[in-house]
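Heads up, the sequence shown stops at 524 in our numbering, and the numbers go up one at a time, no gaps.
For each residue, glycine too, the CB sits at the ideal point set by N, CA and C.
For clarity, every value in this text was computed on a predicted model and none was experimentally measured.
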Amino acid sequence: MSNGGKSHGLSWFLDSKFYRIYLLPGFVFQSVVIAGGYGTGRELIEYFLQYGPLGGILGMFLVTAVIWAVVLAASYEFARVFKVYDYRSFFKKLLGPAWPIFEVCYVLLLFIVLAVVGAAAGAILRDTFGIPYIVGVSVMLLGVAFLAYLGSEAIAAYMSWWSFVLYAVYAAFVIFGLSKFGPQISQIIATGDVRPGWVLSGFKYALYNLGCIAAVLFTLKDIETRGQAIVSGILSSLITIIPGFLFYLVVLSGYPEVLKVEVPAYYALTQIGSFLLLAAYEVVLFGTLIETGTGFIHAVNERLASYFKEKDKVLTQAHRGLIALGMVLLSIAMSRFGLIGLIAKGYGTISWGFFVAHVLPLLTIGLVMIARAGGQKA
Numbered sequence: 147m148s149n150g151g152k153s154h155g156l157s158w159f160l161d162s163k164f165y166r167i168y169l170l171p172g173f174v175f176q177s178v179v180i181a182g183g184y185g186t187g188r189e190l191i192e193y194f195l196q197y198g199p200l201g202g203i204l205g206m207f208l209v210t211a212v213i214w215a216v217v218l219a220a221s222y223e224f225a226r227v228f229k230v231y232d233y234r235s236f237f238k239k240l241l242g243p244a245w246p247i248f249e250v251c252y253v254l255l256l257f258i259v260l261a262v263v264g265a266a267a268g269a270i271l272r273d274t275f276g277i278p279y280i281v282g283v284s285v286m287l288l289g290v291a292f293l294a295y296l297g298s299e300a301i302a303a304y305m306s307w308w309s310f311v312l313y314a315v316y317a318a319f320v321i322f323g324l325s326k327f328g329p330q331i332s333q334i335i336a337t338g339d340v341r342p343g344w345v346l347s348g349f350k351y352a353l354y355n356l357g358c359i360a361a362v363l364f365t366l367k368d369i370e371t372r373g374q375a376i377v378s379g380i381l382s383s384l385i386t387i388i389p390g391f392l393f394y395l396v397v398l399s400g401y402p403e404v405l406k407v408e409v410p411a412y413y414a415l416t417q418i419g420s421f422l423l424l425a426a427y428e429v430v431l432f433g434t435l436i437e438t439g440t441g442f443i444h445a446v447n448e449r450l451a452s453y454f455k456e457k458d459k460v461l462t463q464a465h466r467g468l469i470a471l472g473m474v475l476l477s478i479a480m481s482r483f484g485l486i487g488l489i490a491k492g493y494g495t496i497s498w499g500f501f502v503a504h505v506l507p508l509l510t511i512g513l514v515m516i517a518r519a520g521g522q523k524a
């Protein structure tokens, strides 16, 4: 990102210790979560809005954001103390011989997310530009394979820059949406509609998205103290939940009709009535879908690179590209199940696997291991 050892402008900021310690992990987490977590808006319907407008907000901030902050802070500290920056090393240290439990969950999540991402891309291009569904799916997933082929530095740079572009378009979407539907949104929230199940649903949403920790570990090498790990974990939660909340408010304007819509983001944008904003959002979301898929595949490649290194071998760039391509081809087939079915059934089931393989052991055995590691590492 720097040029001849001299950085300037935004590049200087992206190379700074502050950015790499406190913001980069959050931007990467948000980048990987967003397409599988709220980029299309369908996930917000499934896990929050169907429990009432106010119930959804309570689920986001009292359950999901709190769980993310606690688990991410603990995960960052565990990675720092034991210097484990890929998920194989991390979960081998945490779970011992049982570590493949996480890998099974992660690979299942990876295929569900890639299928969701592909289905979303196919639906968006079909509805906006009339492009055949399978063409949209294939173009997006091949973009994922190409970026995974390029490797760590290209991925970190893409995720950082694209996050800024994403925030700019999101800001425009939210400003337009709130200015047009603000009174309507306020009236809907003022009904105070809270339905049973919002706590459990917020919990499940937090859990399945925590699988994304595997894609964040490579960004944690600059964290040097316990305080930095904790603050970075809390900021990662906020960086990720706040755009989701703002997006939720705009989608909320179509309540209750929006509950049955496949891509609520598209629905909300058509209600706003700006074709320019609709086109910009579709381009940004398409890039973000690529970003999410790449983050998941890159974590698998990093895990394999770690294994190859132990065997005194090297995972080549060609290997990375072929692995990504194989995963993408399987995901294209899975995307035929459709967006709503994949989100409702796939994510809900896998969330409990991550609770058993990550959250529960980390907040019990993991915290004990960190404490025993001694104050000299704090």
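Next on the checklist: My assumption, with CB atoms under 8 Å, is that Y184 sits in contact with G357. Please give the rounded CB distance.
Outcome noted: Indexing the sequence shown from 1 puts residue 184 at position 38. Indexing the sequence shown from 1 puts residue 357 at position 211. About 15 Å; that fails the 8 Å criterion.
Checklist entry - I think V409 touches A266, with their Cβ atoms under 8 Å apart; what is that distance to the nearest whole Å? => result Counting from one through the sequence shown, the residue named residue 409 turns up at place 263. Counting from one through the sequence shown, the residue named residue 266 turns up at place 120. About 7 Å; that satisfies the 8 Å criterion.
Checklist entry - Would the beta-carbon of F236 fall within 8 Å of that of L384? => result Sequence index remark: in the sequence shown, residue 236 carries index 90 (1-based). Sequence index remark: in the sequence shown, residue 384 carries index 238 (1-based). Cβ distance not < 8 Å, so F236 and L384 don't count as in contact.
Next on the checklist: In whole angstroms, give me the CA-to-CA distance for F319 and Y412.
Outcome noted: Along the sequence shown, one-based indexing puts residue 319 at 173. Along the sequence shown, one-based indexing puts residue 412 at 266. Their backbone Cα atoms lie some 11 Å apart in a straight line.
Next on the checklist: With distance defined between alpha-carbon atoms, name the residue in L395, P246, G268 nearest to Q333.
Outcome noted: Residue numbering aside, residue 333 sits at position 187 when the sequence shown is read from its first letter. Comparing Cα positions, the closest option is L395.
Checklist entry - Taking DSSP as the reference, what is the three-state secondary structure of T210? => result As a first step, residue 210 is located in the sequence shown; it is residue number 64 there, counting from the start. Three-state DSSP puts T210 in a helix.
Next on the checklist: Less than 8 Å between the beta carbons of L296 and F442, yes or no?
Outcome noted: Position 150 of the sequence shown holds residue 296. Position 296 of the sequence shown holds residue 442. No, these two residues do not count as a Cβ contact at 8 Å.
Item to check | Residue burial classification, G202 (beta-carbon count within 10 angstroms, cutoff 16) | outcome: Taking the first residue of the sequence shown as 1, we reach residue 202 at position 56. Classification for G202: buried.
Checklist entry - Should A470 and A291 be called a contact, given that it needs their Cβ atoms to be closer than 8 Å? => result By one-based count along the sequence shown, residue 470 stands at place 324. By one-based count along the sequence shown, residue 291 stands at place 145. Yes. Within cutoff.
Item to check | Residue of G494, Q196, Y316 minimising C-alpha distance to R341 | outcome: As a first step, residue 341 is located in the sequence shown; it is residue number 195 there, counting from the start. The option with the nearest alpha carbon to R341 is Q196.
Checklist entry - When you compare only the Cα positions, how much space is there between L508 and V217? => result To locate residue 508, count along the sequence shown from 1; it is residue 362. To locate residue 217, count along the sequence shown from 1; it is residue 71. Those two C-alpha atoms are separated by around 8 Å.
Item to check | Segments of 3+ residues assigned as beta strand (DSSP E) that fall wholly inside the segment 406–467 | outcome: none
Next on the checklist: According to DSSP, is F275 part of a helix, a strand, or is it coil?
Outcome noted: If you number the sequence shown from 1, residue 275 lands on position 129. Helix.
Item to check | Whole-angstrom distance between L405 and G150, CA atom to CA atom | outcome: One-based indexing of the sequence shown puts residue 150 at position 4. One-based indexing of the sequence shown puts residue 405 at position 259. Caution is warranted here: a pLDDT of 47 is assigned to G150, below 50, making its placement in the model unreliable, and the coordinate value is therefore given only provisionally. Their backbone Cα atoms lie some 52 Å apart in a straight line.
Checklist entry - So what does DSSP say about R341, is it helix, strand or coil? => result The residue labelled residue 341 in the question sits at position 195 within the sequence shown. Coil.
Checklist entry - What alpha helix (DSSP H) runs, 4 residues minimum, are completely inside the segment 232–289? => result 233–241, 246–275
Item to check | Residue from V377, R226, M206, A215 with nearest C-alpha to E370 | outcome: In the sequence shown, the residue the question calls residue 370 occupies position 224. The shortest Cα separation from E370 among V377, R226, M206, A215 belongs to R226.
Item to check | C-alpha gap between L475 and P243, whole angstroms | outcome: Taking the first residue of the sequence shown as position 1, residue 475 is located at position 329. Taking the first residue of the sequence shown as position 1, residue 243 is located at position 97. Computed Cα separation, rounded: 31 Å.
Item to check | Whole-angstrom distance between A269 and G348, CA atom to CA atom | outcome: Working through the sequence shown from its first residue, we reach residue 348 at position 202. Working through the sequence shown from its first residue, we reach residue 269 at position 123. Approximately 26 Å, taken between the alpha carbons.
Next on the checklist: With H, G and I counted as helix, E and B as strand and the rest as coil, what does DSSP make of G379?
Outcome noted: For the purposes of this step, residue 379 is taken as the residue at position 233 of the sequence shown. Three-state result, G379: helix.
Checklist entry - According to the Cβ coordinates, are F322 and I418 closer than 8 Å? => result Against the sequence shown, residue 322 aligns to sequence position 176. Against the sequence shown, residue 418 aligns to sequence position 272. Yes, the Cβ-Cβ distance between F322 and I418 is below 8 Å.
Checklist entry - Apart from the five residues on each side of it in sequence, which residues of its chain come closer than 6 Å, Cβ to Cβ, to S153? => result Counted from its first residue, the sequence shown places residue 153 at position 7. Note that S153 scores 49 on pLDDT, short of 50, meaning its location in the model is unreliable; the coordinates nonetheless yield the value given after this. For S153, where only same-chain residues beyond five positions count, the Cβ hits under 6 Å are D161.
Next on the checklist: With a threshold of 8 Å on Cβ separation, who are the neighbours of G205 within its own chain once the five nearest residues in sequence on each side are excluded?
Outcome noted: As a first step, residue 205 is located in the sequence shown; it is residue number 59 there, counting from the start. Y193, F194, Y197, W344, V345, S347, G348, Y351.
Item to check | beta strand (DSSP E) runs contained entirely in the segment 183–208, provided each spans 3 or more residues | outcome: none
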